[in-house]
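J.: My structure is below; once you've seen it, I'll send some questions.
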Ligand code: SF4
Ligand code: SF4
Ligand code: FES
């Protein structure tokens with residue numbers, strides 16, 4: 001997990017301020033010209049604080065504004081006001097398009113890729129084991145210290161291990177280190193470039209870049225405009241939501257605040273998780289091992305994209321059963337055909353899932369908890385002071401626990417045990433790199449008969465890039481909320497149709 | 001005993017109050033009998049978001065609070 005996950009830095013601050021500004025303008029139905037002012041409101045100092053110049057700082061904020069609206073970040077080579085581009089976009093289709101996750105090229109500080117460096121801890125000692133253990137003779141002892149010849153170095157790390165003063169560090173490019181599927185390459189100027197054939201839109205690199213050079217696109221504006229137009233918008237909220245908005249804001253208060261914002265209804269996605277866990281248990285019981293050798297879970301879109309893009313041979317063994325998001329959206333639309341559904345969650349790649357052909361009629365908008373928190377501020381909804389009205393009781397213990405790593409497989413396993421008397425071996429993949437490794441193993445045939453859970457974010461959905469809380473805190477809240485459910489197993493959930501159980 | 005009130009309202013939470021809370025809870029583990037932490041509802045100081053997060057250390061009101069400032073105010077009183 002990136003070291004930056006869960007820490008409030010100025011990058012986080014700027015990102016959230018941009019969201020709040022966009023939300024404010026959407027709520028006010030402001031004119032396009034208003035968007036030109038955002039970079040100046042956010043960077044309101046006389047001189048640069050973070051970068052070489054204040055103009056660059058503002059240009060980066062402008063790029064964030066464009067992506068926050070769902071546009072490509074690219075600022076044209078020709079002169080064009082921010083608002084002109086925005087007007088074109090809003091007048092045309094006003095739709096977020098791939099690529100979802102982008103490096104803002106002029107914000108990237110070209111961090112060196114994987115390399116070993118000698119720091120000034122080096123004492124130029126007499127033994128200099130670093131140079132002795134180096135297999136390619138890359139370390140020489142110069143006038144003041146050891147020096148590593150970067151041309152020769154093969155990054156084996158032997159010198160680093162040998163130094164008694166810990167003088168040698170391994171320096172990784174933070175974005176690339178966070179990307180467990182190796183999607184981050186370099187362009188001709190040595191800036192990071194995301195290879196879209198490999199990227200699975202998990203968003204981990206967004207959190208990891210210490211210069212805030214990577215961002216995803218959002219649908220804040222489209223959602224709020226839809227509410228403004230008086231459309232029937234209904235929210236489904238992902239299981240990791242508990243506690244994300246601060247220690248005084250209960251699940252019930254979050255629901256009440258969403259209604260205040262204009263949602264006609266709020267449902268737990270965990271209801272969809274109950275549905276999905278029953279469905280996947282049935283699939284497993286029927287098909288494994290006769291029809292298919294093992295079953296991979298379906299709820300994490302990045303996990304399924306890893307299969308699509310990196311290990312396509314295994315794709316057919318990953319459940320097509322649709323994710324909890326889709327089931328929850330369907331249960332809303334069943335009774336309200338003209339409604340729009342917004343999925344609120346911790347997840348970046350769900351934005352892409354919602355654009356796919358299969359899902360686009362079910363889920364109209366996807367926003368993250370972080371984006372929602374900014375919307376509440378823009379709408380001046382004080383979460384600690386809203387009155388919680390109804391209780392929320394849509395899902396079972398195991399459905400709610402979907403948000404923590406291991407929770408998905410456990411929920412399916414419980415159904416298999418109780419309903420089919422099967423207790424399958426379970427493999428859990430936690431984090432991007434682990435997901436890819438696990439799928440390679442599956443391809444090699446060593447996971448026959450397994451139920452395989454894949455979570456691209458470490459720790460599960462509570463570790464998602466769209467959360468506000470540190471992962472371990474989010475996980476505790478989820479477990480506590482799960483304990484409060486009136487139902488233990490998915491098949492005990494009164495909210496599901498008998499036929500689905 | 002130093003009494004710290006941390007605003008856990010919408011504005012303050014968005015701009016880092018939860019992080020200050022986490023840091024203070026860590027500090028409290030070191031000085032369990034000397035720090036009392038209370039999470040409070042919006043203190044109505046956030047009409048301009050630049051003033052958030054808002055923290056009160058005893059009677060001293062800190063606006064645009066940051067970890068370092070809050071911790072040093074608390075430590076001043078403990079020492
Ligand atoms: S971590 Fe950020 S600044 Fe560094 S190379 Fe990656 S994108 Fe560029
Ligand atoms: S796969 Fe994830 S970490 Fe890698 S480039 Fe894409 S969004 Fe970033
Ligand atoms: S939210 Fe902290 S003062 Fe209002």
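Chains as they are written, first to last, in full-length UniProt numbering: chain A, 1 to 501; chain B, 1 to 79.
We put the CB at the ideal spot given by N, CA and C, even for glycine.
For clarity, every value in this text was computed on a predicted model and none was experimentally measured.
#1: Output yes or no for whether 8 Å exceeds the beta carbon distance between residue 403 of chain A and residue 445 of chain A.
#2: Does the Cβ-Cβ distance between residue 24 of chain B and residue 469 of chain A come in under 8 Å?
#3: Please name the residues in the stretch 371 to 393 of chain A whose beta-carbon is closer than 8 Å to at least one beta-carbon of chain B, in chain order.
#4: Can you give me the start and stop residues for the beta strand (DSSP E) that residue 118 of chain A sits inside?
#5: For a test of your reading of the model: does the CB of residue 186 of chain A fall under 7 Å from any non-hydrogen atom of ligand 2? Yes or no.
#6: Confirm the yes/no value for this check: CB of residue 9 of chain B, any heavy atom of ligand 3, distance under 7 Å.
#7: With a threshold of 8 Å between beta carbons, is residue 247 of chain A in contact with chain B?
#8: Could you name the residues of chain B that residue 13 of chain A contacts, counting a contact when the two beta carbons are closer than 8 Å?
#9: Can you pull the chain A residues whose beta carbon is under 7 Å from the beta carbon of residue 39 of chain B, in chain order?
#10: Between the C-alpha atoms of residue 171 of chain A and residue 54 of chain A, what's the straight-line distance to the nearest angstrom?
#11: Assuming the contact rule is C-beta atoms closer than 8 Å, residue 43 of chain B and residue 54 of chain B should be a hit. Round their C-beta distance to whole Å, please.
#12: Taking the alpha-carbon positions, what's the residue 464 of chain A to residue 215 of chain A distance?
#13: Check whether the stretch 254 to 265 of chain A and the stretch 287 to 303 of chain A are in contact - that is, three or more C-beta pairs closer than 8 Å.
#14: Where DSSP assigns a beta bridge to residue 35 of chain B, which residues make up the other side?
#15: Can you name, in chain order, every residue of its own chain whose Cβ lies under 6 Å from the Cβ of residue 176 of chain A, other than the five neighbours on each side?
#16: With C-beta atoms as the reference, is residue 18 of chain A less than 8 Å away from residue 43 of chain A?
#17: Find the residues of chain A that neighbour residue 26 of chain B, judging by a C-beta separation of less than 8 Å, and give them in chain order.
#18: My guess is that residue 532 of chain A and residue 212 of chain A are in contact by the Cβ rule of under 8 Å, so how many angstroms apart are they, rounded?
#19: Identify the contact partners of residue 65 of chain B in chain A, using a Cβ-Cβ distance below 9 Å as the criterion.
#20: Could you list the residues in the stretch 25 to 41 of chain A with a C-beta less than 8 Å from some C-beta on chain B, going in chain order?
#21: Mind checking which residues open and close the alpha helix (DSSP H) that includes residue 255 of chain A?
#22: Residues of chain A with CB closer than 9 Å to the CB of residue 49 of chain B, please, in chain order.
#23: In three-state terms, what does DSSP make of residue 81 of chain A?
#24: By a C-beta neighbour count over all protein chains shown, 10 Å radius and 16 as the cutoff for buried, is residue 75 of chain B buried or exposed?
#25: Using 7 Å as the cut-off, classify the Cβ of residue 203 of chain A as near or not near the heavy atoms of ligand 2, replying yes or no.
#26: At which residues does the beta strand (DSSP E) containing residue 267 of chain A begin and terminate?
#27: Of the residues that make up the stretch 451 to 479 of chain A, which ones have a beta carbon closer than 9 Å to any beta carbon in chain B?
#28: Which partner residues does residue 160 of chain A have in the DSSP bridge list?
#29: So residue 72 of chain B contacts chain A; which residues on that side make the cut at Cβ distance below 9 Å?
#30: Within the present structure, is the beta-carbon of residue 55 of chain B separated from the nearest heavy atom of ligand 3 by less than 7 Å?
#31: Counting only Cβ pairs nearer than 9 Å, list the residues of chain B close to residue 7 of chain A.
T.: Judging by the given coordinates:
#1: As a first step, residue 403 of chain A is located in the first chain; it is residue number 403 there, counting from the start. As a first step, residue 445 of chain A is located in the first chain; it is residue number 445 there, counting from the start. Contact: no.
#2: The residue given as residue 24 of chain B occupies position 24 in the second chain. The residue given as residue 469 of chain A occupies position 469 in the first chain. No.
#3: Only those residues of the stretch 371 to 393 of chain A whose C-beta falls short of 8 Å from the nearest C-beta of chain B are listed: 373, 374, 376, 377, 381, 382, 383, 384, 385.
#4: Here residue 118 of chain A is taken as the residue at index 118 of the first chain, counted from 1. Going by DSSP, residue 118 of chain A is part of the beta strand (DSSP E) stretching over 115 to 118.
#5: Taking the first residue of the first chain as 1, we reach residue 186 of chain A at position 186. Incorrect: residue 186 of chain A has no Cβ contact closer than 7 Å to ligand 2.
#6: Indexing the second chain from 1 puts residue 9 of chain B at position 9. Indeed, a heavy atom of ligand 3 lies less than 7 Å from the Cβ.
#7: Along the first chain, one-based indexing puts residue 247 of chain A at 247. By this cut-off, residue 247 of chain A is an interface position.
#8: Residue numbering aside, residue 13 of chain A sits at position 13 when the first chain is read from its first letter. Ordered by position in chain B, the residues that pass the 8 Å Cβ test against residue 13 of chain A are 15, 16.
#9: Along the second chain, one-based indexing puts residue 39 of chain B at 39. Taking the beta carbon of residue 39 of chain B as reference, the chain A residues within 7 Å of it are 247, 248, listed in sequence order.
#10: Taking the first chain and counting its residues from 1, one reaches residue 171 of chain A at position 171. Taking the first chain and counting its residues from 1, one reaches residue 54 of chain A at position 54. When rounded, the distance between both Cα atoms is 29 Å.
#11: In the second chain, counting from the first residue as 1, residue 43 of chain B sits at position 43. In the second chain, counting from the first residue as 1, residue 54 of chain B sits at position 54. Confirmed, about 5 Å.
#12: On the first chain, position 464 is the one that residue 464 of chain A refers to. On the first chain, position 215 is the one that residue 215 of chain A refers to. Going by the C-alpha atoms only, they are around 14 Å apart.
#13: Using a C-beta cut-off of 8 Å, the stretch 254 to 265 of chain A makes no contact with the stretch 287 to 303 of chain A, since fewer than three inter-stretch Cβ pairs fall below that distance.
#14: By 1-based counting over the second chain, the position of residue 35 of chain B is 35. Beta-bridge analysis with DSSP links residue 35 of chain B to B/2.
#15: In the first chain, residue 176 of chain A corresponds to position 176, counting from 1. 184.
#16: One-based indexing of the first chain puts residue 18 of chain A at position 18. One-based indexing of the first chain puts residue 43 of chain A at position 43. Between residue 18 of chain A and residue 43 of chain A, the CB-CB gap reaches or exceeds 8 Å.
#17: Residue 26 of chain B sits at position 26 when you count from the first residue of the second chain. Those do not exist, as residue 26 of chain B stays about 12 Å from chain A at its closest Cβ, beyond 8 Å.
#18: Because chain A spans 1 through 501 in this model, residue 532 of chain A falls outside it and cannot be assessed.
#19: Position 65 of the second chain, counted from the start, is the residue given in the question as residue 65 of chain B. Those do not exist, as residue 65 of chain B stays about 11 Å from chain A at its closest Cβ, beyond 9 Å.
#20: Within the stretch 25 to 41 of chain A, no residue has its Cβ closer than 8 Å to any Cβ of chain B.
#21: Start at 1 with the first residue of the first chain, and residue 255 of chain A comes out as number 255. Per DSSP, the unbroken alpha helix (DSSP H) holding residue 255 of chain A starts and ends at 251 to 261.
#22: Here the question's residue 49 of chain B lines up with position 49 in the second chain. Within chain A, the residues 17, 20, 377 have their CB atoms less than 9 Å from the CB of residue 49 of chain B, given in chain order.
#23: Mapped onto the first chain, residue 81 of chain A falls at position 81. Looking at residue 81 of chain A - three-state DSSP - the assignment turns out to be coil, as it is neither helix nor strand.
#24: Sequence index remark: in the second chain, residue 75 of chain B carries index 75 (1-based). Exposed, because fewer than 16 other Cβ atoms sit within 10 Å of the Cβ of residue 75 of chain B.
#25: Numbered from its first residue, the first chain carries residue 203 of chain A at position 203. Yes, ligand 2 has a heavy atom inside 7 Å of this Cβ.
#26: Looking up residue 267 of chain A in the first chain gives position 267. Residue 267 of chain A -> beta strand (DSSP E) spans 265 to 268.
#27: Cβ contacts with chain B: 468, 469, 470, 473.
#28: Translated into positions along the first chain, residue 160 of chain A becomes position 160. Note: residue 160 of chain A sits in no beta bridge, so no partner.
#29: Start at 1 with the first residue of the second chain, and residue 72 of chain B comes out as number 72. Near residue 72 of chain B there are no residues of chain A at all, since even the closest Cβ is about 18 Å away, more than 9 Å.
#30: Within the second chain, the letter at position 55 stands for residue 55 of chain B. Outside the cutoff, so no.
#31: Position 7 of the first chain, counted from the first residue, corresponds to residue 7 of chain A. Ordered by position in chain B, the residues that pass the 9 Å Cβ test against residue 7 of chain A are 19.
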